[in-house]
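J.: Let me give you the structure first, and then I'll get to my questions.
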Amino acid sequence: MRSGAKVAVVGGVFLVVAGGVAYGGYQFYGPDDDRTDLTVTKQTGPPGVEEVNRTTRKFLAAWAKGDADTAAGLTDNAAEARALISGFRTEAKVSAVEIVPGPATNTTVPFTVKATVTYEGRSKPFGYASKLTVVRGVTSGRALVNWQPAVVHPQLTKGAKLVTGPAANPPITAVDREGRELPKARYPSLSAVLDGLRERFGKAAGGTPGVELVVESPAENVPDRTLLALTEGKPGKLKTTIDAGVQAAAEKAVKGHAKASVVAIQPSTGEIRAVANTPAEGFNTALMGAQAPGSTMKIVSAAMMLEHGLVTGPDSKVECPKTVQWDGRTFENLKQFTVPNATFRQAFARSCNTTFIKAIKPLTDKGVAGDALGETARKYFGLGLDWKTGTSTHDGKVPQSTGTETAASYIGQGRITMNALNMASVAATVKNGGFKQPTFIADRPDRSEFATAEALPPAMANTLRSLMRADATGGSGQQAMAPVGGDKGSKTGSAEVGDQTKSNSWFTGFAGDLSAAAVVQEGGRGGVAAGPVVASVLNAR
Numbered sequence: 146m147r148s149g150a151k152v153a154v155v156g157g158v159f160l161v162v163a164g165g166v167a168y169g170g171y172q173f174y175g176p177d178d179d180r181t182d183l184t185v186t187k188q189t190g191p192p193g194v195e196e197v198n199r200t201t202r203k204f205l206a207a208w209a210k211g212d213a214d215t216a217a218g219l220t221d222n223a224a225e226a227r228a229l230i231s232g233f234r235t236e237a238k239v240s241a242v243e244i245v246p247g248p249a250t251n252t253t254v255p256f257t258v259k260a261t262v263t264y265e266g267r268s269k270p271f272g273y274a275s276k277l278t279v280v281r282g283v284t285s286g287r288a289l290v291n292w293q294p295a296v297v298h299p300q301l302t303k304g305a306k307l308v309t310g311p312a313a314n315p316p317i318t319a320v321d322r323e324g325r326e327l328p329k330a331r332y333p334s335l336s337a338v339l340d341g342l343r344e345r346f347g348k349a350a351g352g353t354p355g356v357e358l359v360v361e362s363p364a365e366n367v368p369d370r371t372l373l374a375l376t377e378g379k380p381g382k383l384k385t386t387i388d389a390g391v392q393a394a395a396e397k398a399v400k401g402h403a404k405a406s407v408v409a410i411q412p413s414t415g416e417i418r419a420v421a422n423t424p425a426e427g428f429n430t431a432l433m434g435a436q437a438p439g440s441t442m443k444i445v446s447a448a449m450m451l452e453h454g455l456v457t458g459p460d461s462k463v464e465c466p467k468t469v470q471w472d473g474r475t476f477e478n479l480k481q482f483t484v485p486n487a488t489f490r491q492a493f494a495r496s497c498n499t500t501f502i503k504a505i506k507p508l509t510d511k512g513v514a515g516d517a518l519g520e521t522a523r524k525y526f527g528l529g530l531d532w533k534t535g536t537s538t539h540d541g542k543v544p545q546s547t548g549t550e551t552a553a554s555y556i557g558q559g560r561i562t563m564n565a566l567n568m569a570s571v572a573a574t575v576k577n578g579g580f581k582q583p584t585f586i587a588d589r590p591d592r593s594e595f596a597t598a599e600a601l602p603p604a605m606a607n608t609l610r611s612l613m614r615a616d617a618t619g620g621s622g623q624q625a626m627a628p629v630g631g632d633k634g635s636k637t638g639s640a641e642v643g644d645q646t647k648s649n650s651w652f653t654g655f656a657g658d659l660s661a662a663a664v665v666q667e668g669g670r671g672g673v674a675a676g677p678v679v680a681s682v683l684n685a686r
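Residue numbering for the sequence shown follows the working numbering, starting at 146 and increasing by one per position.
So, in structure tokens, the structure goes:
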């Protein structure tokens, strides 16, 4: 046995320590885990408690020691594991590490990492929590760590790695539209946004870079994320379009939900006033999410119907039966309601699915049913274009469709993908009468590169505003928008996603010169979960 570091078993929890200079040796107390019995047959089924503890202990000990080959060999993807575990020392510059596992839950073991990062003679402590899961190897039958990059650090994804060195860009001190500072600690949902703005505008802001440990992203459109600053650079000052008051309201509004996002935009300028997510860290769903938006998409579908002359205004007569058939599939309204002798305004306010799906027949006769919605989305709402917001965003997608997929797309399902940013922009476009590309930086020399769209024809803009006002004052959005004063409009939505037991809740609306949109994962009806989030943000204007 080697001497140096120890693995001690105390009350069912073991401690793995690699100390001294760089990585020390090991001494194991307890059964001989390395013995081999060639007569043992290949095992099947989930690993047992002893196997989970043994595999975890050996894996963490090898990782802490810096023995990437041994640690990787204890995973079910040795090639990928070897690169990250080796890089923990060679690229992240970790010089010493202590790993403390917690009690296993079935086959999953949480653990904490206390490390020291050293670069050119300067050291700093670095700590975090992660977890691993032990599985049965398919071919070997051995108990192995199910390899995920997040085992090494929870913010690592496929292709990303930990790197310590001089920062690519100087740090920034971000301030809101009125010059108030926006620290990440106070506004955690802005972390990913500020990382993106730093990458894009850090050098122009006038600071000097320091030495940092970062999650180096494999994608050009995803910024690196700073985890630790070994030497502080001098930050430059960057003025954003964020409103600290609206941002605080947005952060508070999403906290009541496990997974939710909201974005607020000023319609007259396109300036983004707030972005918030729960959880605040990790994937920025508000800007990068790509999900079916449900009936909030009926705003764009309504514009499409107006553009093609299927209706002429809010008082146009339409049909709203309880069900409608298309290509052998039955589409229905919520609880199969019907609105006899409906006007377009009434059908929109009640969120009548069948009204919009009945638009397929005349558009099919014109030969444009599968293209019309995407054309309208790009032409008037800027959806699907390349938005230069200042950070990474998913800018909406309305692909060409056929058959029942076309019917689904008209009510915001099918292959349409949006996020809170996109749908806040849709509401802003209606309120303003034309698309203003969303942005986080107002004073930008590259505005000529912004995505542009045609202004809504005046009659179309007036009709869409009338429809949204009807929803907010007497339709499906009435209850959620009741606390919001002034000129207001809204649209509810719910979207069925995969095997979820409940639909995603969507809501978008405007009040005065502010628009907002929210999505609550598995929140159910739009007015119930996402609606109050939007109302809270609009009331912060």
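By construction, the Cβ of each residue, glycine as well, lies at the ideal position given by its N, Cα and C atoms.
List the residues that DSSP assigns as beta-bridge partners of M563.
T.: As a first step, residue 563 must be located in the sequence shown, where it is residue number 418. M563 is bridged to Q436.
J.: Ordered along the chain, which non-local residues of its own chain (more than five positions away) have a Cβ less than 7 Å from that of I230?
T.: Here residue 230 refers to the residue found at position 85 of the sequence shown. Here the set comprises W208, A213, A216, A217, V297.
J.: Given a cut-off of 9 Å, decide if T562 and K542 are closer than it, judged by their beta-carbon atoms.
T.: As a position in the sequence shown, residue 542 is number 397, starting the count at 1. As a position in the sequence shown, residue 562 is number 417, starting the count at 1. The answer is yes: Cβ separation under 9 Å.
J.: Can you tell which of P328, K397, S593, A312 has the C-alpha that lies nearest to the C-alpha of A319?
T.: For this step, residue 319 is matched to residue 174 along the sequence shown. Checked all of P328, K397, S593, A312; the closest Cα to A319 is P328.
J.: What residue range is occupied by the uninterrupted alpha helix (DSSP H) comprising F233?
T.: Working through the sequence shown from its first residue, we reach residue 233 at position 88. Element bounds for F233: 223 to 235.
J.: Which residues bound the beta strand (DSSP E) around K731?
T.: Nothing can be reported for residue 731: it is not among the residues displayed for the chain, which extend from 146 to 686.
J.: Cβ of A431 within 9 Å of Cβ of Q666?
T.: For the purposes of this step, residue 431 is taken as the residue at position 286 of the sequence shown. For the purposes of this step, residue 666 is taken as the residue at position 521 of the sequence shown. Not in contact: A431 and Q666 (Cβ atoms no closer than 9 Å).
J.: Just confirm the distance between the C-beta atoms of V360 and A437, as a whole number of angstroms; I'd bet it's less than 8 Å.
T.: Translated into positions along the sequence shown, residue 360 becomes position 215. Translated into positions along the sequence shown, residue 437 becomes position 292. 30 Å between Cβ atoms; not a contact.
J.: Run through the DSSP bridge pairs and tell me what F256 is partnered with.
T.: To locate residue 256, count along the sequence shown from 1; it is residue 111. Answer is P246, S275.
J.: So, using beta-carbon positions, are V356 and Y264 closer together than 9 Å?
T.: Numbered from 1 along the sequence shown, position 211 holds the residue referred to as residue 356. Numbered from 1 along the sequence shown, position 119 holds the residue referred to as residue 264. It is a contact, given that the beta carbons lie within the stated cut-off.
J.: Give the range of the beta strand (DSSP E) segment to which V399 is assigned.
T.: Taking the first residue of the sequence shown as 1, we reach residue 399 at position 254. Per DSSP, V399 belongs to no beta strand (DSSP E); it is in the alpha helix (DSSP H), 389 to 399.
J.: Is T263 helix, strand or coil when you go by DSSP?
T.: Position 118 of the sequence shown holds residue 263. Three-state result, T263: strand.
J.: Short of 6 Å in beta carbon distance, which residues of its chain neighbour P255, apart from the five on each side in sequence? Order them along the chain.
T.: Here residue 255 refers to the residue found at position 110 of the sequence shown. Excluding sequence neighbours, P255 sits near G247, K276.
J.: Under the assumption that G622 contacts G672 (Cβ atoms under 8 Å), give the Cβ distance between them as a whole number of angstroms.
T.: Stepping through the sequence shown from its first residue, residue 622 is reached at position 477. Stepping through the sequence shown from its first residue, residue 672 is reached at position 527. Their Cβ separation, rounded to whole angstroms, is 6 Å, which keeps G622 and G672 in contact under 8 Å.
J.: Tell me which residues share the same chain as A617 and place their Cβ nearer than 6 Å to its Cβ, disregarding the 5 neighbours each side in the sequence.
T.: Sequence index remark: in the sequence shown, residue 617 carries index 472 (1-based). Cβ within range, chain order: M626, K633, G634, S635.
J.: Taking the beta carbon of A330 as the centre, do at least 16 other beta carbons fall within 10 Å, making it buried, or is it exposed?
T.: To locate residue 330, count along the sequence shown from 1; it is residue 185. That one is exposed.
J.: Could you name the residues of the same chain whose beta carbon sits closer than 6 Å to that of F271, not counting the 5 residues immediately before and after it, in chain order?
T.: Here residue 271 refers to the residue found at position 126 when the sequence shown is read from its first residue. Around F271: A260, V262, L373.
J.: Taking only runs that begin and end inside the segment 506 to 542, name each unbroken alpha helix (DSSP H) of 4 or more residues, in chain order.
T.: Those alpha helix (DSSP H) runs which fall completely within the segment 506 to 542 and span 4+ residues are 517 to 526.
J.: Please report how far the alpha carbon of A685 lies from the alpha carbon of I444, in whole angstroms.
T.: On the sequence shown, position 540 is the one that residue 685 refers to. On the sequence shown, position 299 is the one that residue 444 refers to. Their Cα atoms are separated by approximately 24 Å.
J.: Which partner residues of G638 appear in the DSSP bridge assignment?
T.: Along the sequence shown, read from residue 1 onward, the residue named residue 638 stands at position 493. DSSP lists W651 as partners of G638.
J.: With a Cβ-Cβ cutoff of 9 Å, do A393 and A661 count as a contact?
T.: In the sequence shown, the residue the question calls residue 393 occupies position 248. In the sequence shown, the residue the question calls residue 661 occupies position 516. Not closer than 9 Å, so no.
J.: What does E477 pair with, by DSSP beta-bridge criteria?
T.: The residue given as residue 477 occupies position 332 in the sequence shown. In DSSP, E477 forms a bridge with T468.
J.: So what's G381 in DSSP terms, helix, strand or just coil?
T.: For the purposes of this step, residue 381 is identified with residue 236 of the sequence shown, where counting begins at 1. Three-state DSSP puts G381 in a strand.
J.: Which of the three DSSP states is assigned to N684 in this structure?
T.: Here the question's residue 684 lines up with position 539 in the sequence shown. N684 falls in the coil class under three-state DSSP.
J.: Ends of the beta strand (DSSP E) at V290?
T.: Stepping through the sequence shown from its first residue, residue 290 is reached at position 145. Where V290 is concerned, the enclosing beta strand (DSSP E) stretches over 288 to 290.
J.: So R202 is in the alpha helix (DSSP H); what residue range does that whole segment cover?
T.: As a first step, residue 202 is located in the sequence shown; it is residue number 57 there, counting from the start. Residues 194 to 210.
J.: Are the segment 193 to 202 and the segment 286 to 302 in contact at 8 Å, needing three or more beta carbon pairs?
T.: Contact between the segment 193 to 202 and the segment 286 to 302 is present, because at least three Cβ pairs lie under 8 Å.
J.: Which two residues bound the contiguous alpha helix (DSSP H) that contains A688?
T.: Any answer about residue 688 is impossible in this case: the structure gives the chain only from 146 up to 686.
J.: If we call anything under 9 Å between Cβ atoms a contact, is T528 one with M449?
T.: As a first step, residue 528 is located in the sequence shown; it is residue number 383 there, counting from the start. As a first step, residue 449 is located in the sequence shown; it is residue number 304 there, counting from the start. Note that residue 528 is Leu in the sequence shown here, rather than Thr. Not a contact, by the Cβ cut-off of 9 Å.
J.: In angstroms, rounded to a whole number, what distance separates the CA positions of D644 and G352?
T.: To locate residue 644, count along the sequence shown from 1; it is residue 499. To locate residue 352, count along the sequence shown from 1; it is residue 207. Answer to the nearest angstrom: the Cα atoms are 48 Å apart.
J.: A587 lies in the beta strand (DSSP E); which residues open and close that run?
T.: For the purposes of this step, residue 587 is taken as residue 442 along the sequence shown, with counting starting at 1. Here A587 belongs to no beta strand (DSSP E), and DSSP marks it neither H nor E.
J.: For P294, is the classification buried or exposed, using 16 other Cβ atoms within 10 angstroms of its Cβ as the cut-off for buried?
T.: Position 149 of the sequence shown, counted from the start, is the residue given in the question as residue 294. Result: buried.
J.: Hey, out of A522, V407, P363, whose CA is closest to A653's CA?
T.: Translated into positions along the sequence shown, residue 653 becomes position 508. The identity of residue 653 in the sequence shown is Thr, whereas the question assumes Ala. Answer by Cα proximity: V407.
J.: Can you find the residues in the same chain that come closer than 6 Å, C-beta to C-beta, to V456, ignoring five residues on each side of it along the sequence?
T.: The count along the sequence shown starts at 1 and reaches residue 456 at position 311. These residues qualify, in order along the chain: M450, F489.
J.: Just the Cα atoms here: how many angstroms apart are A703 and W292?
T.: Residue 703 lies beyond the stretch modelled for the chain, which goes from 146 to 686, so this question has no answer here.
J.: Could you tell me if K511 is buried or exposed, where buried requires 16 or more neighbouring beta carbons within 10 angstroms of its beta carbon?
T.: Residue mapping note: residue 511 aligns to position 366 of the sequence shown, counting from 1. Exposed, by the Cβ-count rule.
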